[in-house]
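*Asks:* For what it's worth, our numbering labels the leading residue of the sequence shown as 189, then goes sequentially.
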Amino acid sequence: MAQRPLNVGLIGGGAGAFIVQPHQRAIFFDGTRRVTAAALHPNPEIAMKEAEIWPYPITGYTSYDEMIEQEAKKPLGERIDYVLIVTPNHVHFDPAMKAIKAGIPVFCEKPLTVTLDESDKLVQAVAAAKIPFCVSHTYLGHWTSRFARFIVQSGLLGEVRWVDSYYIQGWLADRAEDQGVMQAEWRVDPKQAGASCCGGDIGTHALMQLRYVTGLDVVSVQAHLETFVEGRQLDDHFTTYCKLSNGGKALVRASQISIGHKNDLGIEVNGTKGSLLWRQEFPEEVTILLPGQPDRTYFRGSVGPNDGFLGDLPEQLMAEPTIPPGHPEAFHDAFARLHRCFEQDVRAYQDGKPFDCDGSQYANVEDGRMGIAFVAAAVASSEQSGAWVDFK
Ligand SMILES: NC(=O)c1ccc[n+]([C@@H]2O[C@H](COP(=O)([O-])OP(=O)(O)OC[C@H]3O[C@@H](n4cnc5c(N)ncnc54)[C@H](O)[C@@H]3O)[C@@H](O)[C@H]2O)c1
Numbered sequence: 189m190a191q192r193p194l195n196v197g198l199i200g201g202g203a204g205a206f207i208v209q210p211h212q213r214a215i216f217f218d219g220t221r222r223v224t225a226a227a228l229h230p231n232p233e234i235a236m237k238e239a240e241i242w243p244y245p246i247t248g249y250t251s252y253d254e255m256i257e258q259e260a261k262k263p264l265g266e267r268i269d270y271v272l273i274v275t276p277n278h279v280h281f282d283p284a285m286k287a288i289k290a291g292i293p294v295f296c297e298k299p300l301t302v303t304l305d306e307s308d309k310l311v312q313a314v315a316a317a318k319i320p321f322c323v324s325h326t327y328l329g330h331w332t333s334r335f336a337r338f339i340v341q342s343g344l345l346g347e348v349r350w351v352d353s354y355y356i357q358g359w360l361a362d363r364a365e366d367q368g369v370m371q372a373e374w375r376v377d378p379k380q381a382g383a384s385c386c387g388g389d390i391g392t393h394a395l396m397q398l399r400y401v402t403g404l405d406v407v408s409v410q411a412h413l414e415t416f417v418e419g420r421q422l423d424d425h426f427t428t429y430c431k432l433s434n435g436g437k438a439l440v441r442a443s444q445i446s447i448g449h450k451n452d453l454g455i456e457v458n459g460t461k462g463s464l465l466w467r468q469e470f471p472e473e474v475t476i477l478l479p480g481q482p483d484r485t486y487f488r489g490s491v492g493p494n495d496g497f498l499g500d501l502p503e504q505l506m507a508e509p510t511i512p513p514g515h516p517e518a519f520h521d522a523f524a525r526l527h528r529c530f531e532q533d534v535r536a537y538q539d540g541k542p543f544d545c546d547g548s549q550y551a552n553v554e555d556g557r558m559g560i561a562f563v564a565a566a567v568a569s570s571e572q573s574g575a576w577v578d579f580k
């Protein structure tokens, strides 16, 4: 018999909001999850009005407090099975903590929190409750990210010497915050965004992509947080030079003032035996470069085991649901893959079965905390004119 679909409760995501939209499409992707409830806005009246005009019927709540409290009283099967937090950064910690305490798994947008102290508390709470927790680092959900991770960690490129991991945008090159762009207004406000705009918003994605693909950690950082647009309190350009846990080095960099760049997230890994290149704006391709051999660009869907070069490939990687080659996968598929993997852990948790939540399928709460520790170390380094700052 088919399983009942999981019920998802949205926190944030009312009219004009951005990231809720790809998420809610990804939730419905497989037919095994659906949105059933929401607290869409901080103003209770607007929250209820927006729930009424949501494109399909959902139960609206005046606040996330009310949603968590009321839903937690319902029996399993009728209540929400997990919350999706898509509010500005300063409204991640409180709803996440309340959901954990109510026994409701959490799918939370990045960056995890605005302070390291809050992240530490969430890590402890998740460990105590043994509850699934995903931090929404979207790009881990691309099949090609999974493939890149396998290639680098299989040793094909040898020992990793150098990584350039970047996320370059241009949408904050002028004062979008004065032009009614709500996504810009809160991102440049330290109270809502945290200690860094560009680093917290997209530098954390570049860091996570490095950590996921290479399996290495950044252990020490020299950083420059710069503000090119006059009058801003936070950085709109973020550059870090990093020491890696294997002795290698890396650039983790981000910009929001590079006119012409849209969502130019990418990674280049240089090992002792070869290199790998991946870019999210071309998410179907992974390029592998080995000395004395032709450059190889693999396309998702055309990758197969034992093609004369690759050898065996992990069963789990090959079993990931995809569509036939030539029908492109992209952003929404990446979100769907994260929700699909998270769903498995939520079902296991509800059945009292073991679940991994080990960071191999999606970023977990420790990964989210690492992003905040990275930003804190980068801010400290930048304040000391780029001195080395260690962090764990
Ligand atoms: N994973 C990604 O690729 C990605 C991309 C963009 C944004 N994000 C993250 O997603 C989050 C939201 O970003 P966005 O660009 O969608 O922002 P947004 O401004 O478009 O939407 C934020 C929504 O939260 C609502 N909100 C604010 N406070 C609330 C409260 N107390 N209760 C209920 N709703 C509340 C707002 O009304 C709005 O609907 C941020 O943390 C951001 O960093 C992640």
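Don't be surprised by glycine CBs; every beta carbon is placed ideally from N, CA and C.
1. State the Cα-Cα distance for the pair ILE339 and LEU432, rounded to the nearest angstrom.
2. Between GLN212 and VAL223, is the Cβ-Cβ spacing less than 7 Å?
3. Any heavy atom of ligand 1 inside 6 Å of the beta-carbon of MET370?
4. Grab the span of the beta strand (DSSP E) containing THR475 for me, first residue to last.
5. Report the start-end ranges of each beta strand (DSSP E) in the segment 467-522 that is 3 residues or longer and not cut off at the edges.
6. Just grab the DSSP bridge partners of GLY454 for me.
7. Where does PHE217 fall in DSSP's three states?
8. Going by the beta-carbon positions, is the gap between GLU297 and VAL279 smaller than 7 Å?
9. Check whether the Cβ atoms of ASP269 and VAL553 sit closer than 7 Å, and answer yes or no.
10. If you measure from the CB of THR224, is any heavy atom of ligand 1 nearer than 6 Å?
11. Starting from PHE335, trace the beta strand (DSSP E) in both directions and tell me its first and last residue.
12. Hey, is PRO471 close to ligand 1, as in C-beta under 6 Å from one of its heavy atoms?
13. Could you pull the DSSP bridge partners for CYS296 from this structure?
14. Looking at VAL348: is its Cβ nearer than 7 Å to the Cβ of ARG420?
15. Quick check: what's the CA-CA separation for ILE241 versus PHE281?
16. Is the segment 457-472 touching the segment 312-323 in the sense that three or more CB pairs, one from each, lie closer than 8 Å?
17. Pairs of beta-carbons, one from the segment 351-368 and one from the segment 475-494, closer than 8 Å: are there three or more?
18. Note down, one range per segment and in chain order, each alpha helix (DSSP H) of at least 4 residues found wholly within the segment 523-552.
19. For SER569, which of helix, strand or coil comes out of DSSP?
20. PRO542: buried (16+ other C-beta within 10 angstroms of its C-beta) or exposed?
21. Can you tell me the Cα-Cα spacing of GLN312 and GLN538, whole angstroms?
22. Three or more C-beta pairs under 8 Å: does that hold for the segment 369-389 against the segment 408-426?
23. In whole angstroms, what separates the C-alpha of VAL409 from that of TRP576?
24. Taking C-alpha atoms, which residue in LEU398, ASN277, ARG399 lies nearest to ALA372?
25. Using the Cα positions of ASN195 and GLY219, report the straight-line distance between them to the nearest angstrom.
26. How close, in whole Å, do the beta carbons of LEU404 and GLY436 come, if the pair is a contact with beta carbons under 8 Å?
27. Fully enclosed by the segment 400-448, which beta strand (DSSP E) runs are 3 residues long or longer?
28. Does the beta carbon of ILE207 fall short of 6 Å from some heavy atom of ligand 1?
29. Within this structure, are the beta carbons of LEU300 and GLY556 separated by less than 7 Å?
30. Since VAL369 is in the alpha helix (DSSP H), which residue starts that stretch and which ends it?
31. Kindly list the residues whose CB is nearer than 7 Å to the CB of THR402, restricted to its own chain and excluding five residues on each side of it in sequence; keep chain order.
32. GLU347 CB to nearest chain C CB: under 7 Å?
33. Give a yes or no on whether the C-beta atoms belonging to ALA226 and TYR252 are separated by under 7 Å.
34. Here's the rule: buried if 16 or more other CB atoms are within 10 angstroms of the residue's CB, otherwise exposed. What is ASP521?
35. How would you call TYR244, buried or exposed, if buried means at least 16 neighbouring beta carbons within 10 angstroms?
36. Going by C-alpha distance, which of PHE470, GLY391, ALA518, GLY448 is nearest PHE562?
*Replies:* So, to answer that:
1. LEU432 has its alpha-carbon roughly 18 Å from the corresponding atom of ILE339.
2. yes
3. yes
4. That run of the beta strand (DSSP E) goes 473-477.
5. 473-477, 484-487
6. DSSP output for GLY454 lists TYR354, ARG467 as bridge partner(s).
7. coil
8. No, they are not a contact pair.
9. no
10. Flag unset: Cβ of THR224 not near ligand 1.
11. Per DSSP, PHE335 belongs to no beta strand (DSSP E); it is in the alpha helix (DSSP H), 331-341.
12. Because no heavy atom of ligand 1 lies under 6 Å away, the Cβ of PRO471 does not count as near it: no.
13. ILE273, VAL323
14. Not closer than 7 Å, so no.
15. CA-CA distance, ILE241 to PHE281, rounds to 28 Å.
16. The answer is no - the segment 457-472 does not touch the segment 312-323, with fewer than three Cβ pairs under 8 Å.
17. Fewer than three pairs of CB atoms, one per stretch, sit closer than 8 Å, so the segment 351-368 makes no contact with the segment 475-494.
18. none
19. helix
20. exposed
21. 20 Å
22. yes
23. 5 Å
24. Distance check between ALA372 and each of LEU398, ASN277, ARG399 places ASN277 closest, using alpha-carbon atoms only.
25. 11 Å
26. 7 Å
27. 406-414, 425-432, 437-443
28. yes
29. yes
30. Run containing VAL369: none; DSSP gives neither H nor E here.
31. VAL340, VAL348, VAL351, VAL457
32. Among the chains of the structure shown, chain C does not appear; only one protein chain is present.
33. For ALA226 and TYR252, no; Cβs fall outside 7 Å.
34. By the neighbour-count rule (16 or more Cβ atoms within 10 Å), ASP521 is buried.
35. Residue environment for TYR244: exposed (fewer than 16 other C-beta atoms within 10 angstroms of its C-beta).
36. GLY391
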